[in-house]
Amino acid sequence: MSAVAIARAMTTGSVLGLCALAAGLAIAPLRLAFSSRDPVQRALAARALTQSFAAGDLARRAVAVAENDPVKRAALLGAALSSAPAAGELWLDLAATRLAAGDAPEQVMAALRLSGLTTPNEARLMAQRASLSIPLWAVMPDDMRRRALADLVGGWTHVDEPHKAALRAALSFAPADMRARVLAALPQDAARRDNMQRSLGLQ
20 MSAVAIARAM
30 TTGSVLGLCA
40 LAAGLAIAPL
50 RLAFSSRDPV
60 QRALAARALT
70 QSFAAGDLAR
80 RAVAVAENDP
90 VKRAALLGAA
100 LSSAPAAGEL
110 WLDLAATRLA
120 AGDAPEQVMA
130 ALRLSGLTTP
140 NEARLMAQRA
150 SLSIPLWAVM
160 PDDMRRRALA
170 DLVGGWTHVD
180 EPHKAALRAA
190 LSFAPADMRA
200 RVLAALPQDA
210 ARRDNMQRSL
220 GLQ
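Every letter in the sequence shown is one number past the one before it in this note's numbering, and letter 95, counting from 1, is 114.
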C-alpha cells in the first residue's frame, strides 16, 4: 500500500470539529463591534463579523456534505476560507478533503502548509496535521517534513489511540532514513521519548 493510500485510509470517516470553530470565528469581532469607542474599529469589526458568519455558515454546510462527495465539500470549504483565510482548521479539513478526492499531492500540500502557517502551535490541530502528514512523507518537500515532525511532537498528547495505531502502521512501511529522522525528532526527555518510541513502533 502506498503512502498516499495509507493517508487516504486514515482520513476516511474523520470529520473535524468545524461547527465549534464556526461558532468561535465570530467571538472577537463581535466583542469589538459593540465595545470599541473607535468608530473606524467598530466598522471594521462589523465587516469582519459579517464575513465570519458567512464563513461559519459555509463551514457548517461543508460538514453536512456527505463524505462521498469530497469535490462539493472542497468547494464549500474554499468559499468559507475566502471569508476566513486565517482559519487553520478549515485549511486542514480542506487538505484532508482534497486527499480523499484524489487531488494532486501539490494541492493537498498547499492546504496543509496554510494550516501550519495560520495555526502553528495549537496542539489539537498539530496532532491532526501530524496524523495526515506523516503518511505523506514521500511526497512532501523538506520544509513540510520538518513541520510534520514539529506537529507530531507538539501535538502528541492530543493524538488518540486509533491515530497512534495508524501512524505506527505507516511507519512500519517507512524506509530506514525516514524512521531515523522521526526518531531523531523525538523529545529529549526520557519518559516522553520512550512513550512516543513505543507508541510509534520505533524501538
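The C-beta atom is built at its ideal place from N, Cα and C for all residues, glycine as well.
- In this structure, the straight-line span from the alpha carbon of E141 to that of L118 is close to 22 Å.
- Burial state of R164 is buried, judged by a 10 Å Cβ sphere holding 16 or more other Cβ atoms.
- The C-alpha of L96 is placed about 29 Å away from the C-alpha of A184.
- Looking at the backbone, the Cα of L202 and that of A120 are separated by about 31 Å.
- Contact annotation, L111 with L144: C-beta distance approximately 6 Å; criterion of less than 8 Å satisfied.
- According to the DSSP assignment, A129 belongs to the alpha helix (DSSP H) that extends over 124–137.
- Annotation: R200 to D88 spans about 36 Å, alpha carbon to alpha carbon.
- Relative to the Cα of R212, the nearest Cα in the group M197, L190, L171, H182 belongs to L171.
- 7 Å or more divides the Cβ of A114 from the Cβ of A94.
- Taking all protein chains shown into account, A210 has fewer than 16 neighbouring C-beta atoms within 10 Å of its C-beta and is therefore exposed.
- Of the other Cβ atoms in all chains shown, fewer than 16 fall within 10 Å of the Cβ of Q207; this residue is therefore exposed.
- Take T116, set aside five residues on each side of it, and the residues of its chain with a beta-carbon closer than 7 Å to its own are P89, R92, A93, L96, in chain order.
- Exclusion of the five residues before and after L168 leaves A204 as the residues of its chain whose Cβ lies within less than 6 Å of its Cβ.
- Our two residues, D161 and R132, have alpha carbons roughly 12 Å apart in a direct line.
- About 4 Å separates the beta carbon of V158 from that of P124, a gap short enough to meet the 8 Å contact definition.
- By alpha-carbon distance to A189, the top candidate from G174, L151, V178 is L151.
- It is roughly 11 Å from the alpha-carbon of T176 to the alpha-carbon of N214.
- Between the C-alpha atoms of P181 and L219 there is a straight-line separation of about 12 Å.
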